[in-house]
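S.K.:
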Amino acid sequence: MAEEKLPTQKENFAEWYNQLVQKAELADYAPVRGCMVVRPYGWTLWENMQAGLDRRFKETGHVNAAFPILIPLSFFEKEKEHVEGFSPELAIVTHGGGEKLEEPLVVRPTSETIIGYMYSKWIKSWRDLPVLINQWGSVLRWELRTKLFLRTAEFYWQEGHTAHATEEEAREETYRMLDVYADFAITDAAIPVFKGVKSDTEKFAGAQMSTSIEAMMGDKRALQSGTSHFFGQNFAKAFDIQFLDKNNTLQYCHTTSWGLSTRMIGAVIMVHGDDQGLKLPPKIAPIQVVLVPIYKNLDEKSRVMEVADNIFAELKGAGIRIKMDDRDEVTPGFKYNDWEMRGVPLRIEVGPRDVEKGSVALARRDIPGRESKSFVPQADLARTVSQLLSEIQASMLRQATEFRDANIHHPKDYAELKEVVKDGWAFAWWCGSRECEAKVKEETKATTRVIPFDQPIDTGKCIVCGELAEKKVYFARAY
RNA sequence: CGGGGUGUAGCGCAGUUGGCAGCGCACCGCGUUUGGGACGCGGGGGCCGGCGGUUCAAGUCCGCCCACCCCGACCA
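As structure tokens, then:
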């Protein structure tokens, strides 16, 4: 059961987040440092997110499969940048069945290597291509500083791995899946995102190009919420993924991978949450509507429950995820706060007065305070509620977008950039050099988040060095 | 790994010059309550992070160790 208030976002955002995750029963700390237990409420949220993504993966021609969690250590040594990127965070199994293993096994931090190995066995001809496989699972990275959902040692995700005959096709796939992520984030999670390319220093180890969707959290920090990588022939060469083309010439494939993790849950919490607690978008909320019956005595209870039971059955029948909170040991006021903390988008109250008048009270989670309460007739309630849920979904996206846009600045010079990234994002020209990027990071802790696909048509001067710049980039402090 | 901090009930903490280990919340029982976080009464719960030392006596003083948290370097 929930208890007590949270710290406010303003006084301590990090602590607000930590306590909320636990009080809302999304996740808890496991006995192993850096690992988390995803509790049923959090996992249901993840399942709803999985459903939205999985449907989109299937619609774009992908199939699911499962690859092993253990990978021979030697596989990681085959792609130079990949090793360098991942070796510091590998967990390695050295013993099995009481014996020291001949070759140590890596607990997968990501599966490019083992999947690459399998693809080289499966792909022989242009007729075998493209291969479009996704895997739902978990991976392990030995993280030093962890935070529930945002960075844990083990985390749950999906990783798609594809192989194509041509570079063009592989690049298209990379962009297509980024679009899928963006559509999911915007439509289902009500999180506005920018799509674009990562700078060389920010890209995935072993990728030729990494793309990402970036979102602004409630504390104005950035969160990479999904990534899609184009590998060119890097992994194909490392793992010998070759095919005979129509001219009978042996060619290396072009491969991609793309992933979205339970980190997205962290994004949902931090984008929408407020001082009252979580605020979940109806499309992914484990519970969309909570029904709170109100009564003072047994006589009232029997009259109220009759109506409440009918409403429950009607809404459930209409496919709405509804929960009846008929706990007798806590007061209605407690229940209101409890479910608001858990982010349930809509609350229905039914009391003796409603029974008399044929009405119910509705309270929207997306509008703060009691002002959002309204009274509507019991008749045709399923329709009213469905419409309201759609409206809440839209209103949450609108609020998040307004907040984000209000906190993106367009600094005129470097001094102003340094100022604005303390508490917001900067959108500025960047010459593309590592030096300028490093200088900003060094002096402000802000990194280049993404070079958006949407660019002005003209060119400008780099906000750092003043040289010619062809691209504008978002600078922000990131999680 | 560098800098700072904290370890006492499930959680948050207090514990004075060394002298019976406490408070709030949570939990259990009974009763009254219930339209925005109810209340009364009664209860259960402790290797005071660990080891060693000083002392008649250590949560408290001394030494060593361990763990965790925060800030940096690395990361979806």
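Quick note on numbering: the numbering used here labels position 53 of the first sequence as 65, and the sequence is numbered without any gaps. We put the beta carbon where it would ideally sit given N, CA and C, even for glycine. Every value quoted in this text rests on a predicted model; they were computed, and no experiment measured them.
In its own chain, which residues sit with a C-beta less than 6 Å from the C-beta of D378, not counting the 5 before and 5 after it?
M.R.: The residues are I404, S407 and M408.
S.K.: Identify which residue in K92, T56 and D40 has its Cα closest to the Cα of R333.
M.R.: When only C-alpha atoms are compared, the closest one is T56.
S.K.: Looking at C-alpha atoms only, which residue of R489, S402, K430 and E341 is the closest neighbour of A297?
M.R.: Checking every option, the nearest Cα to that of A297 belongs to S402.
S.K.: Report the three-state DSSP secondary structure of F487 (helix, strand or coil).
M.R.: If DSSP states are grouped into helix, strand and coil, F487 belongs with the strands.
S.K.: With DSSP as the reference, label D350 as helix, strand or coil.
M.R.: Three-state DSSP puts D350 in a helix.
S.K.: How would you write the range of the alpha helix (DSSP H) that G73 sits in, first residue to last?
M.R.: Where G73 is concerned, there is no enclosing alpha helix (DSSP H), given that its DSSP letter is neither H nor E.
S.K.: Using DSSP with H/G/I as helix, E/B as strand and the rest coil, what is G285?
M.R.: Reduced to three states, the DSSP call for G285 is coil.
S.K.: Considering Cα atoms alone, identify which of L327, D321 and L290 is closest to Q31.
M.R.: Comparing Cα-Cα distances from Q31 to each of L327, D321 and L290, the minimum goes to L290.
S.K.: With respect to the alpha helix (DSSP H) encompassing E93, which residues constitute its N-terminal and C-terminal limits?
M.R.: Note, E93: alpha helix (DSSP H), K92 to F98.
S.K.: How many angstroms separate the CA atom of L256 from the CA atom of K483?
M.R.: Approximately 39 Å, taken between the alpha carbons.
S.K.: In this structure, does DSSP put M130 in helix, strand or coil?
M.R.: M130 falls in the helix class under three-state DSSP.
S.K.: Whole angstroms are fine: how far does the CA of V33 sit from the CA of Y307?
M.R.: In a straight line, the C-alpha of Y307 is about 32 Å away from that of V33.
S.K.: Of the choices T122, A42 and F251, whose alpha-carbon is the least far from that of A217?
M.R.: Of T122, A42 and F251, the residue nearest in Cα terms is T122.
S.K.: With H, G and I counted as helix, E and B as strand and the rest as coil, what does DSSP make of D470?
M.R.: Residue state, collapsed to three classes: coil.
S.K.: Hey, how far is the Cα of T199 from the Cα of S240?
M.R.: The alpha-carbon atoms of T199 and S240 are separated by roughly 19 Å.
S.K.: Under 8 Å: do the stretch 129-146 and the stretch 254-271 share three or more Cβ pairs, one atom per stretch?
M.R.: Cβ pair count under 8 Å is three or more, so yes.
S.K.: Where does P204 fall in DSSP's three states?
M.R.: Note: P204 maps to coil in three-state DSSP.
S.K.: So, under 8 Å CB-CB, H284 and P293 are touching, yes? Tell me the CB distance rounded to an integer number of Å.
M.R.: The pair is a contact, with the Cβ atoms about 7 Å apart (cut-off 8 Å).
S.K.: Which residue from V151, F69 and K17 puts its Cα closest to that of C47?
M.R.: For C47, the nearest C-alpha among the options comes from V151.
S.K.: What residues in its chain sit with their C-beta under 8 Å from that of E115, if we drop five residues either side in the sequence?
M.R.: Excluding positions up to five away in sequence, the list reads P84, L85 and S86.
S.K.: Thinking C-beta only, is V367 closer than 7 Å to V316?
M.R.: Yes; because the gap between Cβ atoms is below 7 Å, this pair is in contact.
S.K.: Check for me: the alpha helix (DSSP H) holding G329 runs from which residue to which?
M.R.: Note, G329: alpha helix (DSSP H), L310 to G329.
S.K.: Which one of W437, E89, W441 and K313 has the shortest CA to CA distance from G472?
M.R.: The shortest Cα separation from G472 among W437, E89, W441 and K313 belongs to W441.
S.K.: Tell whether a beta-carbon distance below 7 Å holds between T274 and Y168.
M.R.: In this structure, Y168 lies closer than 7 Å to T274 by Cβ.
S.K.: Compare the beta carbon distance of G271 and E155 with 7 Å and say whether it is the shorter of the two.
M.R.: No.
S.K.: Along the chain, which unbroken stretches of the beta strand (DSSP E) at least 3 residues long are found entirely within the stretch 32-79?
M.R.: Counting whole runs of 3 or more residues, the stretch 32-79 contains the beta strand (DSSP E) stretches 39-41 and 48-50.
S.K.: Taking the alpha carbon of V143 as the reference point, which residue from E414, W437 and T268 has its own alpha carbon closest?
M.R.: Comparing Cα-Cα distances from V143 to each of E414, W437 and T268, the minimum goes to T268.
S.K.: Could you give the residue range of the beta strand (DSSP E) that holds A227?
M.R.: Element bounds for A227: M221 to M228.
S.K.: How far does the beta strand (DSSP E) with Q263 in it reach, from first residue to last?
M.R.: That run of the beta strand (DSSP E) goes L262 to Y264.
S.K.: Between which two residues does the alpha helix (DSSP H) holding I81 run?
M.R.: Neither: I81 is in no alpha helix (DSSP H) and is coded neither H nor E.
S.K.: Assuming L429 and I475 are in contact, meaning their beta carbons sit under 8 Å apart, how far apart are those beta carbons, in whole angstroms?
M.R.: At roughly 5 Å, the Cβ-Cβ gap stays under 8 Å, so L429 and I475 are in contact.
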